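Enquirer: Protein chains in written order, with this note's numbering: chain D, 1 to 180; chain W, 181 to 680; chain G, 681 to 1006.
Heads up, the beta-carbon is just placed ideally off N, CA and C, and yes, glycines get one too.
Values in this document were obtained by computation on a predicted structure and should not be read as measured data.
So that we are looking at the same thing, I have put the structure below in structure tokens.
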Amino acid sequence: MIRTFEESGLPDDVDVQPSRGRQAPPCLNDQAGNVIRVRDLWAGLLFVALGSSAAIFAALNYRLGTPSSMGPGFFPMLVGIAVAGTGLGVMIQGLVSRELFERGGGSLRALVAVTAGVLAFAALLRPFGLIVSVVILVVIARLARPGRWRETAVLAAVITLLAIAVFVFGLQMPLKVLPL
Amino acid sequence: MTDIWANLMNGFAVAAEPINLFYCFVGVTLGTLIGVLPGVGPLVTIAVLLPLTFGLPPEAAIIMLAGIYYGAAYGGSTTAILVNIPGETSSVMTCLDGHQMARQGRAGPALSIAAISSFIAGCFGTLLIAGFAPPLTELALKFGPPEYFSMILMALVLTSVLSQGSLWKSVAMAFTGILIGLVGTDITSGVRRFTFGVPDLADGIDFVVVAIGLFAIADIVHNLGDAENKDTMVSKIGRMMPSRRDLKDSFWAMVRGTGIGSLLGILPGAGQSIASFTSYAVEQKVNKNRAEFGKGAVAGVAAPEAANNAAAQTAFIPTLTLGLPSSPTMALVLGALMIQGIAPGPRVIVDHPQLFWGLIASMWIGNLMLVILNLPMVGIWVRLLQVPYKWLYPAILMFSCIGVYSVNNSGLGVALAALFGVVGYVFIKLKCEPAPLILGFVLGPMIEDNFRRSMLLSRGDATVFITEPISAMFIAITFLAIAAMALPSLRKTKEQAVQE
Amino acid sequence: MKITKALSVVAAAAALSLGLTPGASLAQDYPSKPITFLVPYAAGGNGDIVARIVAEGLQKRLGKPVVIDNRPGAGGNIGAAQGTRAAPDGYTIMLATNTHAINQNLFPDAGYDLLTDFASVSLLTRTSTVLLVPSASKAASAKEFIDEAKAKPGALNFGSGGNGTSGHAFMALFMLKTDTDLTHIPYAGEAASYTDLIAGRVQAVFGAVASSSEMVKAGQLRALAIAAPERSAVLPDVPTLAETGVEGVDAYMWQGIVVPKGVPEDIVAKLNTAVTESLKDEALRAKLTQQGLVASPSTPQEFHSMIETDLGRWGEVIKAAGIKIN
Chain D
1 MIRTFEESGL PDDVDVQPSR GRQAPPCLND QAGNVIRVRD LWAGLLFVAL
51 GSSAAIFAAL NYRLGTPSSM GPGFFPMLVG IAVAGTGLGV MIQGLVSREL
101 FERGGGSLRA LVAVTAGVLA FAALLRPFGL IVSVVILVVI ARLARPGRWR
151 ETAVLAAVIT LLAIAVFVFG LQMPLKVLPL
Chain W
181 MTDIWANLMN GFAVAAEPIN LFYCFVGVTL GTLIGVLPGV GPLVTIAVLL
231 PLTFGLPPEA AIIMLAGIYY GAAYGGSTTA ILVNIPGETS SVMTCLDGHQ
281 MARQGRAGPA LSIAAISSFI AGCFGTLLIA GFAPPLTELA LKFGPPEYFS
331 MILMALVLTS VLSQGSLWKS VAMAFTGILI GLVGTDITSG VRRFTFGVPD
381 LADGIDFVVV AIGLFAIADI VHNLGDAENK DTMVSKIGRM MPSRRDLKDS
431 FWAMVRGTGI GSLLGILPGA GQSIASFTSY AVEQKVNKNR AEFGKGAVAG
481 VAAPEAANNA AAQTAFIPTL TLGLPSSPTM ALVLGALMIQ GIAPGPRVIV
531 DHPQLFWGLI ASMWIGNLML VILNLPMVGI WVRLLQVPYK WLYPAILMFS
581 CIGVYSVNNS GLGVALAALF GVVGYVFIKL KCEPAPLILG FVLGPMIEDN
631 FRRSMLLSRG DATVFITEPI SAMFIAITFL AIAAMALPSL RKTKEQAVQE
Chain G
681 MKITKALSVV AAAAALSLGL TPGASLAQDY PSKPITFLVP YAAGGNGDIV
731 ARIVAEGLQK RLGKPVVIDN RPGAGGNIGA AQGTRAAPDG YTIMLATNTH
781 AINQNLFPDA GYDLLTDFAS VSLLTRTSTV LLVPSASKAA SAKEFIDEAK
831 AKPGALNFGS GGNGTSGHAF MALFMLKTDT DLTHIPYAGE AASYTDLIAG
881 RVQAVFGAVA SSSEMVKAGQ LRALAIAAPE RSAVLPDVPT LAETGVEGVD
931 AYMWQGIVVP KGVPEDIVAK LNTAVTESLK DEALRAKLTQ QGLVASPSTP
981 QEFHSMIETD LGRWGEVIKA AGIKIN
């Protein structure tokens, strides 16, 4: 059976099919004692950490000024505090609603492969040109969901040609094509 | 009124000349194709094609560049709907319901409605320019820093509860977006904030970098990792054309979107994105199908698309009448005019009536071409969704990477997009929606900037925001919105508590 | 940065092993491959248009493609810093502008030094800055404006395209020479400051002639004086500040070509000849004039001493006016 994207596609997928999504969260099965797996605790914590470090960084490094004559540090500090404050709200809400992380799902492999592919592209494009960087991007990104090598090779070739056709010939972008 | 009519007829005569028709067609076609590429915006395209226009007559040159500009807006919504990647700030809202529709196999109607509402809005915007350019310019001049501050604050508050999920989370995401938007040189003081000594961050993080990271890359990782056995993005493909009901459902959204877009588009600097944000937020409050927003409501596509395109047209008003570009893209269009030996400015309408009215008429023709061009294309675009995902995603990655690279011709931007991809994936896992973050990212820095400028101008007197009438009006709406928001959500929390 | 450097070392080594020693022996057949024209501004911006117009002429005369490479960011600093790292073989030329001369004084970490990191090739174009007031302003001349400003120190506002931009620097120079005090209101770019100038929220802006002349001709803005040694052909009726009695506010905004230090002199000479000849081309000059720019080729020495003067001038202004980044 083919599972569709509705089930797990988007960040807002919860609401796509409420009958399957929110109504019966797996979390209700395991009750207390699992505070560590409360999802929004972590979400809130992330905001608190981000907001407070930004606020502290801004306060220490930039002139604050006064509300009527703000320095460059004032607004960032305010926003940092706001992020941290709302983060606290998210944490409390998480503790109240007790929604846990969904079991399973998520693939470190996909994350690493896609990210590494993009980073490799970023590093290689200027020095080595379009062909090398696109081929390597495709090859690395394909490791997220490995297929046959022949397929990867064909795909890399097609996508590279597409890139050259669209950006070099079509848009006349001044991109280096070959390494030299 | 008869004057306008005569002028418009004159304009149509210019626009209908074969050479101008041809370049209009070239422009909108190129624009559409470019707009479809994730991350490649009209800015890069116009910049690249600028030298080509050197040899053309001025009318043809500007007609083609304008065609690229609004054609790209059309193409951008295609990408937003099909693969959930907003190419520019104004298509973020289109992603929300448009992509949900695509996932439900309703990509065809979504794309058609986007095209139709863009067309209607574009036509109306054109009429506005034709009839009311000078008084609208006056209106634009009434907007000083306090007015901008209050208006943007209102837009941010109105839209901060876009998501269906937790209010706390979306507000936290919006603030986080503001924080990210603050990276770069502070306009008022010149201090580089949060750049950590990296000179490339001095101009801040580009929207494309954030959007490609949070939407394109994070989505790809999510699709690959969390859903096994999936071969294509969408399992079924329904009808191509919208049903009678779709049209009926989106009619008023189109009308309101057009109104909001036409007005806000006049304001240099912020109009287009604020227009699409605000129209979506308004629809979410007043539309009769508001409960379906975020789940694939057709009105949720029609409203921001109409607003976006109406604004794209009226953005020409300050550009042409004041000679002041309302966006970097418009700055390029002005540059093209100057190369043609036409100094853009208040006198353009009088000194170059052929060009001014020809351009306006061509925009109407161009919008018509776009509909004719795009409706049959819908079928082709939708087929893209049936390409096996394992082939599709490396291609999306390639286009995204080169698109991001083209923003500053720098690899650092691409690396940053990868970072935002990781962040975006974490957000998906934490069920934090990216849309409010993008809103904060776009609007937050403008809020700070205009607040501080207002305070500089008023020498530290914060009452300007309520003593200036236009600003006071926006502040009042903002407070009303907060009150209206707080009451039901308090009630809801109570209900939830009772339920549990 | 380190990686790029390491790579360029590798590349240099590779070039050596192939027997391609960079240096004088190459001058006769220069250019033998496409030339990269590094433009530290975004495509379509003012500096970029100059570069594109000139590149067309260079291409014709040098017989090899001249490829524009836009490296925008940080007001031109990122591209210029990149220029210091390019190989000094004549195949990378760079657009330098008066903004670099200001930035180098303003940012201790700008990452380049126009005089020590680059060799001058030629000045390309220059343009003037003009003192603008709203058309509703009471001041009909620079003198009246100065009197008004003196009467109420700190009360008048002036707009600029941002802290440390040339509009800011020119006003700082003006205030220094006229002993006036206006409040600085920075905007996100020159265009944004014009809107508030027309509406009268700020009372003055030092703007580029090219971007403001149409608004002046249409009567939305009033041009009081040109801040350059000579009047501008675009606004011939507007006197220079010197004519109105204010001495020392007479700098040009300029664009020129530099190459990384170490490019053989005969290649610099060859480039200079190509630039000079290109700028004689009537059609090309006309395109520049439409941009409000005056084609003004120079010898490398003239350009070099002009950069030197400008660096000194803005250094003094920035120090004396206490412009700093805080």
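Decide if W:Asn466 is buried, meaning its Cβ has at least 16 other Cβ atoms within 10 Å, or exposed.
Expert: This sequence places Val at residue 466 of chain W; Asn is not what is there. So W:Val466 counts as exposed.
Enquirer: Which same chain residues, not among the five before or five after W:Ile293, have their C-beta less than 7 Å away from its C-beta?
Expert: These residues qualify, in order along the chain: Pro422, Asp426, Ser430, Val478, Val481 and Ala482.
Enquirer: So W:Ile655 contacts chain D; which residues on that side make the cut at Cβ distance below 9 Å?
Expert: Simply none; closest approach about 17 Å.
Enquirer: Can you tell me whether W:Asn547 is helix, strand or coil according to DSSP?
Expert: Note: W:Asn547 maps to helix in three-state DSSP.
Enquirer: Taking the C-alpha atoms as reference points, what is the distance between W:Tyr203 and W:Gly546?
Expert: Cα to Cα, the separation comes out at about 10 Å.
Enquirer: From the DSSP secondary-structure annotation, give me the bridge partner or partners of G:Gly887.
Expert: Looking at the DSSP assignment, G:Gly887 forms a beta bridge with G:Val810.
Enquirer: Along the chain, where does the beta strand (DSSP E) containing G:Pro940 start, and where does it finish?
Expert: Counting along the chain, the beta strand (DSSP E) containing G:Pro940 begins and ends at Met933 to Pro940.
Enquirer: Would you kindly work out how many angstroms separate the C-alpha atoms of D:Ala49 and D:Ala82, rounded to a whole number?
Expert: Looking at the two C-alpha atoms, the distance is approximately 12 Å.
Enquirer: Spatial neighbours of W:Ala487 within its chain, please: CB distance less than 6 Å, with the 5 preceding and 5 following residues excluded, ordered by chain position.
Expert: Excluding positions up to five away in sequence, the list reads Gly437, Ile440, Gly441, Ala455, Ser456 and Ser459.
Enquirer: Assuming G:Val948 contacts G:Phe798 (C-beta within less than 8 Å), just tell me the rounded distance between them.
Expert: With a Cβ gap of about 11 Å, G:Val948 and G:Phe798 do not count as contacting.
Enquirer: Could one say the Cβ of G:Pro833 lies closer than 8 Å to chain W's Cβ atoms, at least one of them?
Expert: No, because no Cβ of chain W sits closer than 8 Å to the Cβ of G:Pro833.
Enquirer: Going by DSSP, what residue range makes up the beta strand (DSSP E) through G:Phe717?
Expert: Residues Ile715 to Val719.
Enquirer: Quick check: the Cα distance between W:Leu223 and G:Glu828, rounded to an integer number of angstroms?
Expert: Cα to Cα, W:Leu223 sits roughly 43 Å from G:Glu828.
Enquirer: Considering only C-alpha positions, which residue in the set G:Ala922, G:Gly899 and G:Pro916 is nearest to G:Pro909?
Expert: The residue with the shortest Cα to Cα distance from G:Pro909 is G:Ala922.
Enquirer: Apart from the five residues just before and just after D:Leu28, which ones in its own chain have a Cβ nearer than 7 Å to its Cβ?
Expert: Low per-residue confidence applies at D:Leu28: pLDDT is 46, beneath 50, and the placement is therefore not dependable enough to give any value.
Enquirer: Which residue's Cα is closest to the Cα of D:Glu151: W:Lys570, W:Leu667, W:Ile608 and W:Trp185?
Expert: Per the Cα distances, W:Lys570.
Enquirer: Going by other Cβ atoms of all chains shown within 10 Å of its Cβ, with 16 needed for buried, is G:Arg902 buried or exposed?
Expert: The residue in question, G:Arg902, is buried, as its Cβ has 16 or more Cβ neighbours within 10 Å.
Enquirer: Looking at C-alpha atoms only, which residue of G:Val719, G:Gln981, G:Gln739 and G:Leu742 is the closest neighbour of G:Lys731?
Expert: One point to set straight first is that residue 731 of chain G is Ala, not Lys, in the sequence displayed. The residue with the shortest Cα to Cα distance from G:Ala731 is G:Val719.
Enquirer: Can you name the start and end residues of the beta strand (DSSP E) that G:Ala905 belongs to?
Expert: Element bounds for G:Ala905: Leu901 to Ile906.
Enquirer: D:Leu60: beta carbon under 7 Å from a heavy atom of the ligand PLP?
Expert: Summarising the ligand content, the structure contains no ligands, and the ligand PLP is consequently not present.
Enquirer: Answer yes or no: does any C-beta atom of chain D fall closer than 8 Å to that of W:Phe205?
Expert: W:Phe205 does not count as touching chain D.
Enquirer: Using a Cβ-Cβ cutoff of less than 6 Å, which residues in the same chain neighbour W:Val622 once the five nearest sequence positions on both sides are dropped?
Expert: Within the same chain, W:Val622 has close Cβ partners Thr269 and Ser453.
Enquirer: Quick one: list the residues of chain W neighbouring G:Asp749, beta-carbon separation under 8 Å, in chain order.
Expert: Within chain W, the residues near G:Asp749 are Asn589.
Enquirer: Using the Cβ count rule (16 or more neighbours within 10 Å means buried), how would you classify W:Arg563?
Expert: Answer is exposed; the Cβ neighbour count stays below 16.
Enquirer: May I ask you to list, following chain order, the residues of the stretch 373-398 of chain W that have a beta carbon less than 7 Å from some beta carbon of chain D?
Expert: Result list: Arg373 and Ile397.
Enquirer: Taking Cβ positions, are D:Leu41 and D:Met77 nearer each other than 8 Å?
Expert: The answer is no: Cβ separation not under 8 Å.
Enquirer: Is W:Met543 closer than 8 Å to W:Ala246 when the C-beta atoms are compared?
Expert: In contact: W:Ala246 and W:Met543 (Cβ atoms closer than 8 Å).
Enquirer: Quick one, which residues of the stretch 634-660 of chain W are near chain D if we go by CB-CB under 7 Å, in chain order?
Expert: Listed by position along the chain: Met635, Gly640 and Ala642.
Enquirer: Report the neighbours of G:Gly761 on chain W: residues whose CB is nearer than 8 Å to its CB, in chain order.
Expert: Before going on, a small fix: residue 761 of chain G reads as Ala here, not Gly. Going along chain W in sequence order, the residues near G:Ala761 (Cβ under 8 Å) are Pro379.
Enquirer: Considering just the uninterrupted stretch of the beta strand (DSSP E) at G:Pro866, what are its terminal residues?
Expert: Per DSSP, G:Pro866 belongs to the beta strand (DSSP E) from Thr863 to Pro866.
Enquirer: So, at 6 Å on beta carbons, what are the nonlocal neighbours of G:Tyr874 in its own chain, with the 5 sequence-adjacent residues on each side left out?
Expert: For G:Tyr874, where only same-chain residues beyond five positions count, there are no Cβ hits under 6 Å.
Enquirer: If I follow the unbroken alpha helix (DSSP H) through W:Ser257, where does it start and stop?
Expert: Pro238 to Val263 is the span of the alpha helix (DSSP H), which, as asked, contains W:Ser257.
Enquirer: Is it right to say G:Asp675 is buried, meaning 16 or more other beta carbons lie within 10 angstroms of its own, or is it exposed?
Expert: For chain G, the structure presents residues 681 to 1006; residue 675 of chain G sits outside this window and is missing.
Enquirer: Taking the C-alpha atoms as reference points, what is the distance between G:Met851 and G:Phe886?
Expert: Straight-line Cα distance between these residues: approximately 6 Å.
Enquirer: Do the CB positions of G:Trp994 and G:Ala849 come within less than 8 Å of each other?
Expert: Yes, these two residues count as a Cβ contact at 8 Å.
Enquirer: Take W:Phe304 and list the residues in its own chain whose beta-carbon comes closer than 7 Å to its own, dropping the five residues that flank it on each side.
Expert: Answer for W:Phe304: Thr438, Ser442 and Ala490, listed in chain order.
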